[in-house]
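A quick write-up on the structure given underneath.
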Amino acid sequence: MQAYELMTCPAAVLAPSSSLMGALRWMRQAGVSELPVLDGGRFAGLVRERDLLEALWPLPLPGLRASLWPSQAGQAVRSLMRRVPAATPDMPLPAALRLLLDARLSSLPVVGGGGDLLGMLSSAAVLERLAAGPPPPPQEDL
């Protein structure tokens, strides 16, 4: 099995200039915890919900009121975007899973030769496929 067989179209994509708050809204609407960032139509990186939350609502220091926290809501996504490994469509699934696990992500971009984002390989899709069991053997014509 290869990466393209389990990849899905991303729920949304971001531009490097997208705001952090806008990115968080997109994630919440799409029900995902990571979104790809495209720059000029090419995959540039990934933004994680956890990084957005830490940037937008940092833990307060003792004695510091929440109203004094610096606002990062309008800051551009490019400041938090992570450069992550990407799978190729023909990459064997075990190799793609190794990238996913090593990068500690819940989804992995699948990128074509020109840097175009083709889809996302999610850990949930892989687990669903594994839970379904092995595919039935091919039927032979009688």
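Numbering (the UniProt record's numbering), first residue to last: 1 to 142. C-beta atoms are modelled at their ideal positions from N, C-alpha and C, and glycine is treated no differently.
Considering only their Cβ atoms, is the gap separating V13 from E34 smaller than 8 Å? no
Is V13 a contact residue of the ligand ZN, with contact defined as CB to any heavy atom under 7 Å? The ligand ZN is not among the ligands present in this structure, which contains no ligands whatsoever.
is_contact[M81, chain D] using C-beta, thresh 8 Å: Annotation note: the requested chain D is absent from the structure, which comprises a single protein chain.
Buried/exposed call for L53, threshold 16 Cβ in 10 Å: exposed
Could you give the first and the last residue of the continuous beta strand (DSSP E) run that contains A44? 42 to 48
Please report how far the alpha carbon of V37 lies from the alpha carbon of M81, in whole angstroms. 7 Å
R83 versus Q29 - alpha carbon distance: 24 Å
Separation of L130 from P137, as counted between CA atoms: 16 Å
State the Cα-Cα distance for the pair T8 and E140, rounded to the nearest angstrom. 31 Å
Classify M1: buried if its beta carbon has 16 or more other beta carbons within 10 angstroms, exposed otherwise. exposed
Exposed or buried, P70, counting other C-beta atoms within 10 Å across all chains shown (16 or more means buried)? Low per-residue confidence applies at P70: pLDDT is 48, beneath 50, and the placement is therefore not dependable, though the value from the model is reported in the following sentence. Answer is exposed; the Cβ neighbour count stays below 16.
If M120 and L108 are in contact, beta carbons under 8 Å, what's the gap, nearest whole angstrom? 7 Å
The alpha helix (DSSP H) with M21 in it runs from where to where? 20 to 30
Contacting residues, own chain, Cβ-Cβ under 6 Å from R78 (five flanking each side not counted): P16
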